[in-house]
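S.K.: Quick one: the structure is below, questions incoming.
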Amino acid sequence: MLSSGITLANMTSEQPALLLIHGFPMDGRAWKEQVEALQAQTTVLAPDLRGFGSDTRPVPEAMTMEAYAQHLKELLDERGIRSVVLCGLSMGGYVAMAFLAAWPERVRGLVLANTRATADDADGRRGREETALNAFDKGMAVMARAQLPKLLTPHTCATRPEAAAAIEKIIAGQRPEAVAAASRGMALRPDRMDLLRTTEVPTLIITGSQDVLMPLPSSQAMADIIPGKHLVVIPDAGHLSNVDQPEAFNAALSDFLESIR
Ligand code: MLT
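Note that the sequence shown ends on residue 382 in the working numbering; no numbers are left out.
In C-alpha cells:
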C-alpha cells in the first residue's frame, strides 16, 4: 500500500501497471470505481497527487504539472514499476502529458480523459489566480458545493446522491494551499499539441457528451492529431465521466489495456 492514495496489485498480470491520475481539486478516491473494476486485469495505482488527500506534505506556492509528474515517477521507481499505462482525467491529463514529455520510454499507453492539450490564455490564467485565492477566502466547502454541478450531470446528482456526496466530500476536505498551488501550476502549463502529434505511444481520448468544463471540441482537437483517432464519447456523462458512467468508462479503459497487452 502506498503512503497515500490507493494501490491494488495484481502481480500475475501480463499487462503494464495502470496509473490513474486524478483531476482538480480531488484525490485518488475519485477513481474508486475504476480501481475496483480493473484490479483483476492489472496492477492499479491511484495515488493522491502531492498535497492532496492523504498526502499532507508541504507544497510550494505553485505546483507545476512537471513537479507532479516527477513525484509520480519517483513513486513508480520506489515500487520497481518500469512501464505504465497513464490515465489522467482533466488536470490529471495535464500531468500525464508532462510525464510523457519527460519519460516517454516509461509510457506504454496514454488515456486522456475530459482534458485538453492547449495552454491557458490570459483570461484563463487570471481565473486560476482567482481560484487560488478563493480556496483560502471562501473555503473548500463552499468551492465544493459550487463545483459539483459542473462536474457531474444533473441525472447523477438526482439518482445517485451518494456518488455526488462522495465527490463533494473529497473536494471539501482538500487543503486550500494544495488547491491554490495546483491552480497556479495549471496556469503555467505549456501547450502539448506537438507532443501528441509526434508521440508513438498508443493513445485513447475519452470524454463525456455533457462535459461543460472540457467541451467536446477539446477532445476532438486532440483526437484529430493522434494517429488512429481513438476517441470515445460517453453518452450522459459530464466532466467526471468516470463517476457519471463508470461502466462505460471502465469498458473503454479495459478494452484499451487489452489492446496494448
Ligand atoms: C479538473 O477537473 O482537473 C479541472 O477542470 C482542470 C482545469 O481546471 O483545467
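We treat Cβ as the ideally placed atom computed from N, Cα and C, and that holds for glycine.
Keep in mind that this is a model prediction, so the values were computed, not measured.
(1) In chain order, what are the residue ranges of uninterrupted beta strand (DSSP E) at least 3 long that sit wholly in the segment 184-234?
(2) Do P137 and V206 count as a contact pair if the criterion is CB distance below 8 Å?
(3) Taking 8 Å as the threshold, find out whether the segment 291-308 comes into contact with the segment 240-253 through three or more Cβ pairs.
(4) Would you check if the distance between the CB atom of M264 and the CB atom of A253 is smaller than 8 Å?
(5) Give the straight-line distance between the Cα atoms of R200 and N235, rounded to the nearest whole angstrom.
(6) Whose CA, out of D345, L325, H360, lies closest to the CA of V333?
(7) Alpha carbon to alpha carbon, what distance is there between T239 and A383?
(8) Hey, is L170 close to the ligand MLT, as in C-beta under 7 Å from one of its heavy atoms?
(9) Report the rounded CA-to-CA distance for F370 versus Y189, giving the unit in angstroms.
(10) Is M122 buried or exposed, if buried means 16 or more other CB atoms sit within 10 Å of its CB?
(11) Going by beta carbon distance, what residues of the same chain come within less than 7 Å of F285, once the five residues before and after it are set aside?
(12) Using a 10 Å radius around the Cβ and a threshold of 16 neighbouring Cβ atoms, would you call A161 buried or exposed?
(13) Need the endpoints of the beta strand (DSSP E) that G329 sits in, please.
(14) From the DSSP output, in three-state form, read off L352 for me.
(15) Could you tell me how far apart the beta carbons of A217 and G209 are, in whole angstroms, since I believe they sit closer than 8 Å?
(16) For the beta strand (DSSP E) that contains A151, what are its first and last residues?
(17) Have a look at P225, A151, A183 and flag the residue whose alpha-carbon is nearest the alpha-carbon of L316.
M.R.: Taking the structure as given:
(1) 205-210, 228-234
(2) yes
(3) yes
(4) For M264 and A253, no; Cβs fall outside 8 Å.
(5) 28 Å
(6) H360
(7) Here the chain comprises residues numbered 122 to 382, so residue 383 is not present and cannot be evaluated.
(8) no
(9) 24 Å
(10) Because M122 sits at a pLDDT of 31, beneath the cut-off of 50, its placement in the model cannot be relied upon, and the following sentence gives the value as read from the coordinates. When all chains shown are included, M122 counts as exposed.
(11) The question names Phe, but residue 285 in the sequence shown is Ala. These residues qualify, in order along the chain: L269, L273, T277, C278.
(12) Exposed: under 16 other Cβ atoms inside 10 Å.
(13) 324-329 is the extent of the beta strand (DSSP E) around G329.
(14) strand
(15) 3 Å
(16) Unbroken run through A151: none, as it is neither H nor E.
(17) Closest option to L316, Cα to Cα, is P225.
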